[in-house]
Amino acid sequence: MSIKEKLLVKEFEPEYISGLAELYKLLGSKLSSKLIQTWMKSRKYSKVLVALLGDKVIGKVTLDMAYKPYSEIVNLMVHPDYRGQGVGSRLVEECISLAESNGFTIQFLMADVSNVIAHKLYAKYGFIVGILLEKLASEKHVWLYRFSDNTFVNEFVRNHPLVEYSVSRSRVNLKGKMLYLMKWTDPITEDSLRVYLQGQAGQPLTGGTMPRITAVQVCKNSQEFTIITCEKHKTVEEASMELTISILNKSSEKICIEDIDQLIPSGIELIHGSLSCPFSVEPNEDVSIELKYKVSRKFDIPALSFTTVVLSYYIYVRQLFSSPIVVLAGFDRILSND
């Protein structure tokens, strides 16, 4: 039986602290009491998974699941003596399984640009580059994305078996927003799907925002259709958040928006605007939906990798996809140093 088959993967419990401390030490780091407290306090939204070989801790990973449909795989660690034996694979598999079983259909993670071994691991499970560092940037990390089978991205790929994928190396302009671009193109039909990401390469110590899909553009069967979210301010201001969802139809026929589902965390309330459906967007029409939300004291999602509060929207356009198109808006919290 292989090491991978012998492994048990369990959620963190205090009994694993000594083994984790040894793992951190071997990897040149320190497991602080503050980090342990953070793990315990964040268990509702963040799962720390421990790989056990008998009683020995030989791996660890964190899976953040706070804002559907996004989940982030964070800080994958494997004991040096057990690398190349399937430990990392098993932990990634557990993260994907746990995320998908809870409705988190888009997984993302940050990878070192020079770690080819990690690239091979993540590529094996369908991760692709989303945000790539610019040529002259000092940042040495990239963001990788994985889309589950029941997403609009994979639906497009399945329907275009010869699709070619490309990613921008710098930001591109879309309606005045500078965004990173993921693009799938069918060289035969010239159909294309463009997914635009708000964010930055890597994770700055300060001032970063959670990388997220902020716009989607579809060119399919002579139809051209764009959905983009625009935040009116970058941060949560006076416990409120305002944004616009813009829907632009450059097709020669109208497009029907059959439904819009908002995936809003508990403790956030829509106080202005409406997502009433269905409605049509006529050719060359640009429809704007103005929305305002209030954050109450019931909101309990802690700052995870980023302080960003995320609002997600599933937009159903069955002329184009059976799966909903996903766009997100994000507002960064200014946290006290207390």
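The sequence shown lines up with residues 67 to 404 when you count with our numbering. All C-beta atoms in this analysis are idealised placements derived from N, C-alpha and C, irrespective of residue type, glycine included.
Count the other C-beta atoms from every protein chain shown that fall within 10 angstroms of the C-beta of residue i, then say buried if there are 16 or more, exposed otherwise.
| i | result |
| --- | --- |
| C161 | buried |
| K134 | buried |
| D404 | Any reading at D404 must be qualified, since the residue scores a pLDDT of 48, below 50, and its modelled position is unreliable; the value itself is stated next. With fewer than 16 Cβ atoms within 10 Å of its Cβ, D404 is classed as exposed. |
| R399 | exposed |
| H299 | exposed |
| R109 | exposed |
| I124 | buried |
| R260 | buried |
| D257 | buried |
| V238 | exposed |
| T374 | buried |
| D252 | buried |
Between which two residues does the beta strand (DSSP E) harbouring residue i extend?
| i | result |
| --- | --- |
| I323 | I321 to I323 |
| V208 | H207 to F213 |
| Q408 | Here the chain has residues from 67 to 404 only, and residue 408 is not among them. |
| G125 | K122 to Y133 |
| I337 | I334 to H338 |
| V383 | Per DSSP, V383 belongs to no beta strand (DSSP E) and is neither H nor E. |
Where does the unbroken alpha helix (DSSP H) through residue i begin, and where does it stop?
| i | result |
| --- | --- |
| K316 | Element bounds for K316: n/a, residue is neither H nor E. |
| Q103 | S99 to K107 |
| Y90 | I83 to L92 |
| N225 | F218 to N225 |
| A13 | Coverage of the chain is limited to positions 67 through 404, which leaves residue 13 absent and any answer about it impossible. |
Based on DSSP bridge pairs, tell me the residues matched to residue i.
| i | result |
| --- | --- |
| V233 | M248 |
| N239 | M244 |
| A177 | V208 |
| R278 | Q264 |
| C285 | S258 and E290 |
Pull up the CB-CB distance for residue i and residue j, whole angstroms please, since I reckon it's below 8 Å.
| i | j | result |
| --- | --- | --- |
| I54 | Y211 | Look at the range of the chain in this structure, 67 to 404, and you will see that residue 54 is not part of it. |
| C343 | D325 | 5 Å |
| A177 | Y188 | 6 Å |
| I293 | I313 | 5 Å |
| A267 | L175 | In fact, because the Cβ distance is near 14 Å, the residues do not count as touching under 8 Å. |
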